[in-house]
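*Asks:*
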Amino acid sequence: MIRRSFTAVIARNEKWTGEVATEPYECAWAGEAILFLRALATTGNPRGARARVQISPDGIHWVDEGTSVAMPAKVGQLTYCRVTHFGGYLRLAAKIPPRASIKVLVTLSLKE
Amino acid sequence: MENVVQAIRHADPRLGKFDPLRRIIYYDDFDEGYNGWIGLIGNYEGTLDTMLPGYAQYQQPMLSPVTMWDTGSHGAHDGTYSLKTATRPVKGAQNVSIKRVTFRHAGAIQVECYFTFKPEASELQLSELDVRSAGVLLDLQDAEGGSRRVMPHVRYLNALDGKAMAKWQYKKTAVPIQKIGTSGKTISHYHLVPEDWEDVPGGTQKLCYNEIPTKINWHYLKIGFELKEMRFLAFQCNDRVFDTSRMAPLIIPAMANLWCMLNLAFFVETDVDKRAFFFVDSVLVSGEF
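This is the structure:
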């Protein structure tokens with residue numbers, strides 16, 4: 664049996680500033696995931712910003728999973744992180760430095 | 044022969060709860076995967092910034108075990124997973140999931156599914172008026188040489204601005220088509236605007252919301268449509284069979300690259316600053332050919 668997979672763009676052309684998070688994504692069927700982050704536009708100086716993978720028992724309450732990833736700070740830059748054993752829900756939370764913004768494309772690649 | 048086919052279908056625990064027409068075009072059980080269901084995306088050209096705002100809010104569907112904070116996974120109508128379409132937590136937010144195929148015969152088709160909708164259970168309140176609406180639309184176009192793009196819309200208006208509505212509606216009025224970009228090849232129209240919904244005659248119906256926001260019940264829905272005459276043939280939810288004689292689809296001029304299009308979409312809208320969820324499991328589309 665071929666392993667099933669699905670790729671979901673969970674943030675598309677969203678301008679991130681300050682404290683932000685993606686919408687929850689339910690993916691209990693998947694055993695592994697890669698989150699890709701690409702910057703479509705930036706303002707100010709977003710260098711050094713990081714995003715954290717978060718997990719949840721119910722899609723309402725969230726806790727850091729322990730994995731973090733650098734936010735792409737230049738247009739076209741791509742960053743990623745890998746996670747496994749994440750239960751039923753995933754999201755990405757980030758903190759963007761003051762007076763900076765990143766317009767992001769966040770892609771969640773899931774596989775059984 | 045037809046009796047034999049019907050008997051075989053009725054004996055199949057997966058198909059026995061449906062009443063398909065002669066040919067099954069697709070049957071989607073979400074324990075098997077996404078089955079081609081994806082988030083609707085608005086048209087754009089050159090930059091994503093050209094997408095109409097209504098479309099920019101849309102998110103991808105999920106395969107959900109319908110997990111609740113107080114009990115755990117509710118599960119699907121069959122097995123574990125259903126297709127979940129979720130809005131953002133902003134009053135009036137909408138989301139749409141779609142499957143795109145084409146038709147091989149311009150005759151009768153029928154959409155059947157089992158569905159339920161719920162608000163995110165983020166408050167310990169009944170929350171029965173938090174979901175504004177949930178619905179189904181077809182996006183169709185005549186075979187090559189025809190003139191019509193046809194979009195039958197049906198929705199259950201659950202609540203509006205905090206008031207219970209509990210009625211089925213359809214939409215036949217188009218919105219202006221807008222140019223996207225500069226090439227002259229790309230256009231868009233946001234047809235899920237709040238205006239111009241019309242009541243289905245006799246279309247009030249109370250559904251089984253249940254007693255708290257973490258209990259769900261699945262409902263049966265059937266929509267029949269004729270692809271040559273482009274008119275409704277049937278509309279049923281659970282035990283209620285509605286009169287379709289005065290229901291009409293939204294019709295706009297045919298577009299350059301959509302011949303024989305047969306798209307099916309599920310949409311949901313929240314009435315409060317809370318996510319609204321629309322679950323479907325399973326979906327069967329059949330045709331008379």
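Protein sequence lines, in the order shown, are assigned to chains A and B. Using this note's numbering, you'd call the opening residue of the first sequence number 664 and step up by one each time. Using this note's numbering, you'd call the opening residue of the second sequence number 44 and step up by one each time. Don't be surprised by glycine CBs; every beta carbon is placed ideally from N, CA and C.
1. So, does the CB of Arg749(A) fall closer than 8 Å to a CB anywhere in chain B?
2. Check whether the segment 85-101 of chain B and the segment 246-255 of chain B are in contact - that is, three or more C-beta pairs closer than 8 Å.
3. So Ser170(B) packs on Glu312(B), CB below 8 Å; how close in whole Å?
4. Is Ile51(B) helix, strand or coil by DSSP?
5. With 16 as the cutoff for other CB atoms within 10 Å, does Ala207(B) come out buried or exposed?
6. How big is the Cα-Cα spacing for Cys156(B) and Ser107(B)?
7. Which same chain residues, not among the five before or five after Ala119(B), have their C-beta less than 6 Å away from its C-beta?
8. I'd like the list of long-range same chain contacts for Ala260(B), defined as Cβ closer than 7 Å, with 5 residues on each side in sequence excluded.
9. With 8 Å set as the bound, which would you pick, yes or no: does the beta-carbon of Gln103(B) sit closer than that to a beta-carbon of chain A?
10. Could you tell me which uninterrupted beta strand (DSSP E) segments, each at least 3 residues in length, are contained entirely in the segment 132-157 of chain B, listed from first to last along the chain?
11. Taking Cβ positions, are Met734(A) and Ala756(A) nearer each other than 8 Å?
12. According to DSSP, Ser107(B) sits in a beta bridge with which residue or residues?
13. Taking Cβ positions, are Met304(B) and Asp182(B) nearer each other than 8 Å?
14. Which residues, in order along the segment 142-162 of chain B, keep a beta-carbon less than 9 Å from a beta-carbon of chain A?
15. Would you report the Cα separation of Ala674(A) and Ile765(A), rounded to the nearest angstrom?
16. Have a look at the DSSP bridge pairing and note the partners of Val732(A).
17. Per DSSP, which one or two residues make a beta bridge with Thr262(B)?
18. Please check the pair Val767(A) and Leu698(A), which I expect to be a contact at CB under 8 Å, by giving their CB distance rounded to whole angstroms.
19. Would a C-beta distance cut-off of 8 Å place Phe310(B) and Trp211(B) closer than the cut-off?
20. What number of angstroms, rounded off, separates the C-alpha of Leu327(B) from the C-alpha of Thr287(B)?
21. Using beta carbons (cut-off 8 Å, strictly below), is Cys744(A) in contact with chain B?
22. Rounded to whole angstroms, what's the CA-CA distance from His761(A) to Thr680(A)? Just pull it up for me.
23. Hey, Val154(B) and Val179(B): beta-carbon distance below 8 Å or not?
24. Between Tyr69(B) and chain A, is the shortest Cβ-Cβ distance under 8 Å, so that the two count as touching?
25. In this structure, what does DSSP give as the bridge partners for His196(B)?
26. Any beta-carbon of chain B closer than 8 Å to the one on Val672(A)?
27. Cβ atoms of Leu753(A) and Tyr661(A): under 8 Å apart, would you say?
28. Flag this pair as yes or no: are the beta carbons of Ala149(B) and Leu293(B) separated by less than 8 Å?
29. Report the neighbours of Asp92(B) on chain A: residues whose CB is nearer than 8 Å to its CB, in chain order.
30. Which residue marks the beginning of the beta strand (DSSP E) containing Ala691(A), and which one marks its end?
31. I need the straight-line Cα distance from Thr229(B) to Ala297(B), nearest angstrom please.
32. So, is the C-beta of Trp112(B) closer than 8 Å to a C-beta in chain A?
33. Are the C-beta of Gly722(A) and some C-beta of chain B separated by less than 8 Å?
34. Out of curiosity, what's the CA-to-CA distance linking Ile84(B) and Val746(A)?
35. Would you identify the three-state DSSP class for Gly115(B), choosing helix, strand or coil?
*Replies:* From the atom records:
1. Checking the sequence, you will find Phe at residue 749(A) rather than Arg. No - not a single Cβ of chain B is within 8 Å of the one on Phe749(A).
2. no
3. Ser170(B) to Glu312(B), Cβ: 15 Å. No contact.
4. helix
5. exposed
6. 16 Å
7. Ser125 and Asp324
8. According to the sequence provided, residue 260(B) is Asn. The question's Ala does not apply to it. Closer than 7 Å at the Cβ level, and outside the excluded window around Asn260(B), lie Thr159, Cys251 and Asn253.
9. yes
10. 137-145
11. no
12. Ser125(B)
13. yes
14. none
15. 12 Å
16. Ala714(A)
17. The sequence shown places His at residue 262(B), rather than the Thr named in the question. Beta-bridge pairing links His262(B) to Phe158(B).
18. Contact doesn't hold; Cβ gap of about 11 Å is too wide.
19. no
20. 20 Å
21. no
22. With the sequence shown as reference, residue 761(A) is identified as Pro, and His is not the correct amino acid for it. Each residue's Cα considered, the two are about 8 Å apart.
23. yes
24. no
25. Leu180(B) and Lys214(B)
26. yes
27. For residue 661(A) there is no data in the structure shown, the boundaries of chain A being 664 and 775.
28. no
29. Asn676
30. Counting along the chain, Ala691(A) falls outside any beta strand (DSSP E), and DSSP gives it neither H nor E.
31. 14 Å
32. yes
33. yes
34. 27 Å
35. strand
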